[in-house]
Amino acid sequence: MVPHDVWNTSRAGNLAVTKYTADAIAKFLPGVPVFPAVGNHEGHPANWFKATVRGEFFGHSHADELKVAYDSRYKKLAFGVAYLAPSLTTYGSGHPAFRIFTVDGGYSGASWVRLTPLQR
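Under my numbering, think of the first position of the sequence shown as 48, with each following residue one higher.
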């Protein structure tokens with residue numbers, strides 16, 4: 048995981064952390080596919096890549112949330128959405144849960160998100 052002090056990071060440092068993490072997963076969980084994702088610990092804020100980043104998927108909020116990100120200069124301009132899954136640890140309240148996010152596309156260059164809730 049890249050450091051939280053994004054003002055003090057470098058490309059080389061982020062690559063080193065990513066390589067270390069990938070090597071550890073390959074060593075201790077052989078055969079498990081690893082897919083990089085931009086989330087709440089990215090090395091550079093998602094608004095730098097708002098033409099590319101379409102959605103952020105992560106957990107660790109201990110709640111089931113949907114957050115809309117707005118541009119810092121143009122406060123009414125939404126540029127992204129984050130889907131935060133609940134946590135298996137709940138502290139003193141809440142129910143343990145998780146989400147499976149499936150991203151599909153109906154045609155070349157298209158994609159959408161289908162959220163599959165497990166508590167129906």
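Using N, Cα and C, we set each Cβ at its ideal position, and we do this for glycine too.
Check whether the Cβ atoms of residue i and residue j lie closer than 8 Å to each other.
i	j	result
Y129	A116	The sequence as given places Ala at residue 129; Tyr does not occur at that position. Taking 8 Å as the Cβ cut-off, A129 and A116 qualify as a contacting pair.
I72	V64	no
Quick one: is residue i buried, meaning 16 or more other Cβ sit within 10 Å of its Cβ, or exposed?
i	result
D118	exposed
D111	buried
Could you name the residues of the same chain whose beta carbon sits closer than 6 Å to that of residue i, not counting the 5 residues immediately before and after it, in chain order?
i	result
S57	none
R11	No information on residue 11 is available, as it lies outside the stretch 48 to 167 that the chain covers here.
R146	A132
Name the one or two DSSP bridge partners that residue i has.
i	result
V115	V128
F104	Y130
Skipping 5 residues on each side, what residues in its chain have a beta carbon closer than 8 Å to that of residue i?
i	result
L113	V128, A129, Y130 and L131
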